[in-house]
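The sequence shown runs 2 to 356 under our numbering. Where a beta carbon is used, it is the ideal one built from N, C-alpha and C, also for glycine.
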Amino acid sequence: MIFKFFPIFILNIIFLLACDNSSEHILEKTNLTEGVFIVNEGNYTGNNGEISFYNKATGELVNNLFSINNSGNVLGDVVQSFGIADKYGFIVVNNSKKIEVVLMETFERQTTISGINYPRYWLTVGKKKAYLTNQSEQGLVYVINTEKFEIMDTITVGNQPENMVTINGKVFVANGAWGHDNTVSIIDIQTDKVIETVEVGEGTTDLIVDKNDNIQVLCQGKVIYDENWNIVSETESKIVTLNSEDFSTEHEKIIGQIGDNFNPTRLAVSNTGETLFFIEKNGVYSIDINFNKKSDLIISGDFYGLELEPENGNIYVFASNGFSGASKMFIYDKDNYKLITERTVGIGANGAVFR
Numbered sequence: 002m003i004f005k006f007f008p009i010f011i012l013n014i015i016f017l018l019a020c021d022n023s024s025e026h027i028l029e030k031t032n033l034t035e036g037v038f039i040v041n042e043g044n045y046t047g048n049n050g051e052i053s054f055y056n057k058a059t060g061e062l063v064n065n066l067f068s069i070n071n072s073g074n075v076l077g078d079v080v081q082s083f084g085i086a087d088k089y090g091f092i093v094v095n096n097s098k099k100i101e102v103v104l105m106e107t108f109e110r111q112t113t114i115s116g117i118n119y120p121r122y123w124l125t126v127g128k129k130k131a132y133l134t135n136q137s138e139q140g141l142v143y144v145i146n147t148e149k150f151e152i153m154d155t156i157t158v159g160n161q162p163e164n165m166v167t168i169n170g171k172v173f174v175a176n177g178a179w180g181h182d183n184t185v186s187i188i189d190i191q192t193d194k195v196i197e198t199v200e201v202g203e204g205t206t207d208l209i210v211d212k213n214d215n216i217q218v219l220c221q222g223k224v225i226y227d228e229n230w231n232i233v234s235e236t237e238s239k240i241v242t243l244n245s246e247d248f249s250t251e252h253e254k255i256i257g258q259i260g261d262n263f264n265p266t267r268l269a270v271s272n273t274g275e276t277l278f279f280i281e282k283n284g285v286y287s288i289d290i291n292f293n294k295k296s297d298l299i300i301s302g303d304f305y306g307l308e309l310e311p312e313n314g315n316i317y318v319f320a321s322n323g324f325s326g327a328s329k330m331f332i333y334d335k336d337n338y339k340l341i342t343e344r345t346v347g348i349g350a351n352g353a354v355f356r
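Put into structure tokens, the structure is as follows:
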């Protein structure tokens, strides 16, 4: 307990000297106003999920950001996502059934939001409001007051909802983790009511907004196993394009194949909104938003997470290394797909939030 009286920069030095590479030591208090926050899930039931911070300008990397700035306390199990609203950060810890709220300036814990079941993905939708998907057979979206740090309401959506996007006062929710649904729920932000539910494809898990303001939806497909976990049947994976105004299907493209077992994963879009990226078993693929040609393998590797930097379009991919130890973060140039840098982050890195 004596650590709480130490200045934060001394805590940083002690913690990282003990736990990390010499290239990642912190010599002074870290500036968190601009950079990349990496979400590290940790091991299931391991209570070792964390947030890493990468300063693009200086190259400084801080692992175990929460623990360092909170007297060595741990976040829990499993850190699924991270969101920012005003001056606060919201760390979603799904198996621990909570959200840890931190002050973004210092990353010090302010409070804990509890009373949730199995939280997944965060989306800030207004000055004082955010949505949070709850992955259950009958899925929910929690409506959270980001000023009072409390749950205001719940919205019933499809089964096992995952990611969300917002456009023109509406939120589109992907329902269907592990093939348990095939729909997108559309919520009116003003009323917090579902105004439409659209069928797209089995295993609906991720979605983005492209340059035409269309919603591109990733449908992983559905896999059925026998009692020995042998695949009995599997449907193809595809991307479906929804019109964000009338919710009609513009077009769709088969991108997976039978036998790739819940791949592809993690859909992202270029900063121009013209190119889609997704993870397959052997790497990252790209395809234009109109599906005018087949998808191309642009980065080879075994990856778990994928993000594109909004400002310059560079590609961030994360290799979990089987959750047996620290993950790797790789940053690639958006134009020639050449590796810019490689860094070691936390266990089970699944993505990032840019500030």
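Assigned secondary structure, Gly202 (DSSP; H/G/I helix, E/B strand, else coil): In the structure shown, Gly202 falls within a coil segment according to DSSP collapsed to helix, strand and coil.
For Asn235: DSSP bridge partner residues: It is worth fixing the name first, because residue 235 is Glu in this sequence and not Asn. Residue pairing by DSSP puts Glu235 in a beta bridge opposite Val224.
Sheet register partners of Gly306 (DSSP bridge): Residue pairing by DSSP puts Gly306 in a beta bridge opposite Phe319.
Strand pairing of Met165, partner residues [DSSP]: Paired residues: Val174.
Buried or exposed (CB count within 10 angstroms, at least 16 for buried), Ile341: Ile341 is exposed by the Cβ-count criterion.
Sequence-distant residues of its chain with Cβ nearer than 8 Å to Glu275 (five each side left out): The residues are Asp211, Lys212, Asp289, Ile290.
Beta-carbon proximity list for Asn272, same chain, < 6 Å, skipping 5 on both sides: Same-chain partners within the cutoff: Pro311, Gly314.
According to DSSP, residues forming a beta bridge with Thr250: Leu243.
Terminal residues of the alpha helix (DSSP H) in which Phe67 lies: Residues 66-69.
Coil, strand or helix - Trp179 by DSSP: Helix at Trp179.
His181 classed as buried or exposed, judged by whether at least 16 other C-beta atoms fall within 10 angstroms: It counts as buried.
Under 7 Å between C-beta atoms of Tyr317 and Ile300: Result no, Cβ atoms of Tyr317 and Ile300 do not sit closer than 7 Å.
Ile217 vs Leu277 beta-carbon contact at 7 Å: With the sequence shown as reference, residue 217 is identified as Gln, and Ile is not the correct amino acid for it. Cβ distance < 7 Å, so Gln217 and Leu277 count as in contact.
CA nearest to the CA of Phe292, picked from Leu309, His252, Gly159: When only C-alpha atoms are compared, the closest one is His252.
Boundaries of the beta strand (DSSP E) in which Phe91 is found, first to last residue: If you look at Phe91, you'll find it in the beta strand (DSSP E) that goes 89-94.
Host beta strand (DSSP E) of Trp123 (start-end): Counting along the chain, the beta strand (DSSP E) containing Trp123 begins and ends at 120-125.
Cβ distance (whole Å) where Pro162 is taken to contact Val142 below 8 Å: Indeed they touch by this definition, with Cβ atoms about 7 Å apart.
Sufficient close CB pairs (3 or more, under 8 Å) joining the stretch 49-64 to the stretch 338-352: A contact is defined here as three or more CB-CB pairs under 8 Å, and the stretch 49-64 meets this definition with respect to the stretch 338-352.
Residue of Val224, Ile187, Lys194 minimising C-alpha distance to Leu208: That would be Ile187, whose Cα lies nearest to the Cα of Leu208.
N-terminal and C-terminal residue of the beta strand (DSSP E) that Gln111 is part of: That run of the beta strand (DSSP E) goes 109-114.
Per DSSP, cross-strand counterpart(s) of Gly284: Under DSSP, Gly284 takes part in a beta bridge, and its partners are Glu281, Ser301.
Contact under 7 Å by Cβ, Asn44 with Phe324: For Asn44 and Phe324, yes; Cβs fall inside 7 Å.
Proximal residues to Asn338 (C-beta, below 8 Å), its chain only, five neighbours per side dropped: It should be pointed out that residue 338 corresponds to Tyr in this sequence rather than to Asn. Closer than 8 Å at Cβ, skipping near neighbours: Ile299, Ile300, Ile316.
Rounded Cβ spacing between Gln191 and Gly170 (contact assumed at less than 8 Å): Their Cβ separation, rounded to whole angstroms, is 7 Å, which keeps Gln191 and Gly170 in contact under 8 Å.
Start and end residues, beta strand (DSSP E) containing Leu104: Counting along the chain, Leu104 sits inside the beta strand (DSSP E) bounded by residues 99-104.
Rounded separation between Ser72 and Val63 - CA only: Spanning the alpha carbons of Ser72 and Val63 requires a straight line of approximately 15 Å.
Opposing strand residues paired with Met330 [DSSP bridges]: Looking at the DSSP output, Met330 bridges to Phe319, Arg344.
Under the three-state DSSP convention, the category Phe324 falls into: In this structure, Phe324 counts as helix in the three-state DSSP scheme.
Per-residue DSSP class, three states only, for Glu312: The three-state secondary structure of Glu312, taken from DSSP, is coil.
Collapsed DSSP secondary structure at Asn229 in the structure displayed: Here Asn229 sits in coil by DSSP.
Burial state of Val233 (16 or more Cβ within 10 Å): So Val233 counts as exposed.
Limits of the unbroken beta strand (DSSP E) element including Ala131: Unbroken beta strand (DSSP E) run through Ala131: 130-135.
Per DSSP, cross-strand counterpart(s) of Thr155: Partner(s): Tyr143.
Proximity winner among Ser245, Asp193, Gly284, Asn160, relative to Glu203 (alpha-carbon distances): Nearest C-alpha to Glu203: Asn160.
Candidates Leu309, Tyr305, Lys335: closest to Lys329 by CA position: Cα-wise, what sits closest to Lys329 is Tyr305.
Nearest to Met153 (by Cα), restricted to the options Tyr132, Met165, Glu281, Asp336: Considering only alpha carbons, the answer is Tyr132.
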